[in-house]
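Novice: First, the structure itself, so that you have it in front of you.
2 protein chains.
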Amino acid sequence: MQDKPKLILASHSPRRAALLRQTGFDFEIIASTVDEAGCRETDPVRHVLALSALKAQAVRANVKEALVIGADTIVSTSGMILGKPGSREESCAMLERLSGRSHEVYTGLTLIGECGDQVSGHEMTKVHFRKLDPWEIRDYVNSREPLDKAGAYGIQGRAALFVDRIEGCYFNVVGFPLSRFFQLLETLWPPGKIRMAMGLGEGTDE
Amino acid sequence: MQDKPKLILASHSPRRAALLRQTGFDFEIIASTVDEAGCRETDPVRHVLALSALKAQAVRANVKEALVIGADTIVSTSGMILGKPGSREESCAMLERLSGRSHEVYTGLTLIGECGDQVSGHEMTKVHFRKLDPWEIRDYVNSREPLDKAGAYGIQGRAALFVDRIEGCYFNVVGFPLSRFFQLLETLWPPGKIRMAMGLGEGTDE
Numbered sequence: 001m002q003d004k005p006k007l008i009l010a011s012h013s014p015r016r017a018a019l020l021r022q023t024g025f026d027f028e029i030i031a032s033t034v035d036e037a038g039c040r041e042t043d044p045v046r047h048v049l050a051l052s053a054l055k056a057q058a059v060r061a062n063v064k065e066a067l068v069i070g071a072d073t074i075v076s077t078s079g080m081i082l083g084k085p086g087s088r089e090e091s092c093a094m095l096e097r098l099s100g101r102s103h104e105v106y107t108g109l110t111l112i113g114e115c116g117d118q119v120s121g122h123e124m125t126k127v128h129f130r131k132l133d134p135w136e137i138r139d140y141v142n143s144r145e146p147l148d149k150a151g152a153y154g155i156q157g158r159a160a161l162f163v164d165r166i167e168g169c170y171f172n173v174v175g176f177p178l179s180r181f182f183q184l185l186e187t188l189w190p191p192g193k194i195r196m197a198m199g200l201g202e203g204t205d206e
Numbered sequence: 207m208q209d210k211p212k213l214i215l216a217s218h219s220p221r222r223a224a225l226l227r228q229t230g231f232d233f234e235i236i237a238s239t240v241d242e243a244g245c246r247e248t249d250p251v252r253h254v255l256a257l258s259a260l261k262a263q264a265v266r267a268n269v270k271e272a273l274v275i276g277a278d279t280i281v282s283t284s285g286m287i288l289g290k291p292g293s294r295e296e297s298c299a300m301l302e303r304l305s306g307r308s309h310e311v312y313t314g315l316t317l318i319g320e321c322g323d324q325v326s327g328h329e330m331t332k333v334h335f336r337k338l339d340p341w342e343i344r345d346y347v348n349s350r351e352p353l354d355k356a357g358a359y360g361i362q363g364r365a366a367l368f369v370d371r372i373e374g375c376y377f378n379v380v381g382f383p384l385s386r387f388f389q390l391l392e393t394l395w396p397p398g399k400i401r402m403a404m405g406l407g408e409g410t411d412e
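Keeping their order, the protein sequence lines are chains L and H. When we follow the working numbering, the leftmost residue of the first sequence carries the number 1, and every step to the right adds one. When we follow the working numbering, the leftmost residue of the second sequence carries the number 207, and every step to the right adds one.
So, in structure tokens, the structure goes:
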């Protein structure tokens, strides 16, 4: 019998951890200390790929016997990247900008295997907000939910009411594109090893 | 100060209740005893609208001082409606049918207000499954997650890994299209009353 393979999520986001847990994976969390604001890349895809790689590499530097997962998510609208709002006023301004129109959410993923092999991928989802009433924006900002979230909203919280349609991967909007992750993982690990990490039996490859 | 408005969800689905709770609404659950299998309607939209209305009306018959919400969700592929699988074999067959292609999820919603006014609406979301490995289907069926779910999967559970993209409302796929619900509610209740039901202040309409 093999040792159970080890996965490390290089992120302190409770939403990412909840998604990975939901699909049965057993993993450890070691958040990286990469400064997100230090990334000057203005192209959304290059931005999330660069930051996800930096986060994975930072954690990988201290841990060898595990596969490390780095992720970065941003919201982009009309060519402008929206990060986490710094104040109530900034939250209001971001939500007014998103109201009644579509924006894009990008997540970059980087996986570094035990031998140092590195794979990256990204996901883009179009998200459409219905036209919000001013009281909805005010109440939502008062709830303080926007403050730690790119684009000033969390689709898995109260802002679920704002989103009338999306095109693409839903879990990408929450911050961790599960299906893309699985496909990247398949390039580094055989099925038996993936099944073991998911707590499914002894890992026999059939 | 007005009495707090009352909402009743006419459904025993824990997933619907969790979604409605997530957005801050306070409500009661009174499941209807409508026999879903008794609906012979083969058009998906008419099917979910008819059943959501029957469920709301059944509960409404016993409760007057509240707004009642009925909902029904089905999965449809190539003109065939997939209900809840009856066995492991049926679960496997449904998942094989969904693997590597798109299907549609429909939810009908019916709201009956305190005065008896009734509004209905529906939502359709296209869901695409990536091509599944046989071991993924086998493991998923062994988890018993498919058994109580239309189409034999739950996007909010382990099957999240199977879905690579959707077009439309995500919450519809879970079983309760939140944004559509809010828009229907706005036709029956003024903003101040909605805010009270969401636990947001005294319900002053501004």
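Where is the CB? At the ideal position from N, CA and C, for every residue including glycine.
#1: Under the three-state reduction of DSSP, which class applies to H:Y312: helix, strand or coil?
#2: Report the neighbours of L:P191 on chain H: residues whose CB is nearer than 8 Å to its CB, in chain order.
#3: Going along chain L, which residues have a C-beta under 7 Å from H:F377?
#4: Of all the CB atoms in chain L, is at least one closer than 9 Å to the CB of H:D232?
#5: So H:K261 is in the alpha helix (DSSP H); what residue range does that whole segment cover?
#6: With DSSP run on the structure shown, which of helix, strand or coil describes H:T229?
#7: Can you pull the DSSP bridge partners for L:H128?
#8: Output needed for L:Q156: all residues of its chain with C-beta closer than 6 Å, excluding positions within five of it in sequence on either side, in chain order.
#9: Taking Cβ-Cβ distances below 7 Å as the criterion, which residues of the segment 301-324 of chain H are in contact with chain L?
#10: To which residues of the same chain is L:K55 closer than 8 Å at the C-beta, ignoring the five residues directly before and after it?
#11: Tell me the DSSP bridge mates of H:T283?
#12: Should the segment 317-335 of chain H be regarded as contacting the segment 239-259 of chain H, the criterion being three or more beta carbon pairs within less than 8 Å?
#13: Closest to L:L98 by C-alpha separation, out of L:V163, L:A61, L:Q118, would be which residue?
#14: H:I343 lies in the alpha helix (DSSP H); which residues open and close that run?
#15: How long is the line joining the alpha carbons of H:L225 and H:Y376, rounded to whole angstroms?
#16: Would you check if there are 3 or more beta carbon pairs closer than 8 Å linking the segment 343-358 of chain H to the segment 244-253 of chain H?
#17: Any beta carbon from chain H within less than 9 Å of L:R180's own beta carbon?
#18: What residue range is occupied by the uninterrupted alpha helix (DSSP H) comprising H:L213?
#19: Can you list, in chain order, the residues of its chain with a C-beta nearer than 7 Å to that of H:D323? Leave out the 5 residues immediately preceding and following it.
#20: What three-state label does DSSP hand H:D209 in the structure shown?
#21: Going by beta-carbon coordinates alone, are L:T125 and L:V48 separated by less than 9 Å?
#22: Give a yes or no on whether the C-beta atoms belonging to H:M402 and H:P211 are separated by under 9 Å.
#23: Quick one: is L:D148 near chain H, going by C-beta distance under 9 Å?
#24: Kindly give me the distance between the Cβ atoms of H:I235 and H:V269, rounded to whole angstroms, as I take these residues to be in contact under 8 Å.
#25: On the three-state DSSP scale, how would you describe H:S219?
#26: As a quick exercise: from L:A150, L:R165, L:L147, L:V119, pick the residue whose alpha carbon is nearest that of L:K131.
#27: Between the Cα of H:M300 and the Cα atoms of H:S326, H:A272, H:P352, H:A264, which residue gives the shortest distance?
#28: Only counting the same chain, and skipping five residues up and downstream in sequence, which positions put a Cβ closer than 7 Å to that of H:E412?
Specialist: Straight from the coordinates:
#1: Working through the second sequence from its first residue, we reach residue 312 of chain H at position 106. Strand.
#2: What you label residue 191 of chain L is simply residue 191 of the first sequence in a count that begins at 1. By Cβ distance, chain H contributes D339, W341.
#3: Counting from 1 along the second sequence, the entry for residue 377 of chain H is found at position 171. The contacting residues are A160.
#4: For the purposes of this step, residue 232 of chain H is identified with residue 26 of the second sequence, where counting begins at 1. Judged by the 9 Å Cβ criterion, H:D232 is not in contact with chain L.
#5: Counting from one through the second sequence, the residue named residue 261 of chain H turns up at place 55. Per DSSP, H:K261 belongs to the alpha helix (DSSP H) from 250-266.
#6: Reading the second sequence from its first residue, position 23 is the one you call residue 229 of chain H. Residue state, collapsed to three classes: coil.
#7: Locating residue 128 of chain L in the first sequence gives position 128, where the first residue counts as 1. DSSP, once it has assigned bridges, lists L:S102, L:R165 as partnering L:H128.
#8: Your numbering for residue 156 of chain L matches position 156 in the first sequence. Excluding residues within five positions, the ones whose Cβ falls inside 6 Å are V174.
#9: none
#10: Looking up residue 55 of chain L in the first sequence gives position 55. These residues qualify, in order along the chain: A10, S11, S32, V34, G70, A71, D72, T110.
#11: The sequence position of residue 283 of chain H within the second sequence is 77, counting from 1. Partner(s): H:M286.
#12: yes
#13: Counting from one through the first sequence, the residue named residue 98 of chain L turns up at place 98. Out of L:V163, L:A61, L:Q118, L:V163 has the C-alpha closest to the C-alpha of L:L98.
#14: Counted from its first residue, the second sequence places residue 343 of chain H at position 137. Looking at the DSSP string, the run of the alpha helix (DSSP H) that includes H:I343 is 340-348.
#15: The sequence position of residue 225 of chain H within the second sequence is 19, counting from 1. The sequence position of residue 376 of chain H within the second sequence is 170, counting from 1. Near 11 Å, if we compare the C-alpha coordinates of H:Y376 and H:L225.
#16: no
#17: Mapped onto the first sequence, residue 180 of chain L falls at position 180. True, the Cβ-Cβ gap to chain H drops below 9 Å.
#18: Position 7 of the second sequence, counted from the start, is the residue given in the question as residue 213 of chain H. Segment 213-215 is the beta strand (DSSP E) holding H:L213; no alpha helix (DSSP H) there.
#19: The residue you call residue 323 of chain H lines up with position 117 of the second sequence. Hits under 7 Å: L394.
#20: Translated into the one-based positions of the second sequence, residue 209 of chain H becomes position 3. The answer is coil: DSSP assigns H:D209 none of H, G, I, E or B.
#21: On the first sequence, residue 125 of chain L is found 125 positions in, with the first residue counted as 1. On the first sequence, residue 48 of chain L is found 48 positions in, with the first residue counted as 1. No. Outside cutoff.
#22: The residue you call residue 402 of chain H lines up with position 196 of the second sequence. The residue you call residue 211 of chain H lines up with position 5 of the second sequence. In contact: H:M402 and H:P211 (Cβ atoms closer than 9 Å).
#23: In the first sequence, residue 148 of chain L corresponds to position 148, counting from 1. So, not an interface residue.
#24: Here residue 235 of chain H refers to the residue found at position 29 of the second sequence. Here residue 269 of chain H refers to the residue found at position 63 of the second sequence. At roughly 12 Å, the Cβ-Cβ gap does not stay under 8 Å, so H:I235 and H:V269 are not in contact.
#25: Position 13 of the second sequence, counted from the start, is the residue given in the question as residue 219 of chain H. The answer is coil: DSSP assigns H:S219 none of H, G, I, E or B.
#26: As a first step, residue 131 of chain L is located in the first sequence; it is residue number 131 there, counting from the start. Of the listed residues, the one whose Cα sits closest to L:K131 is L:R165.
#27: Looking up residue 300 of chain H in the second sequence gives position 94. Here the closest residue by C-alpha is H:P352.
#28: Here residue 412 of chain H refers to the residue found at position 206 of the second sequence. Its pLDDT being 44, under 50, H:E412 is placed unreliably in this model, and the value from its coordinates should be taken loosely. Result list for H:E412: empty, nothing under 7 Å.
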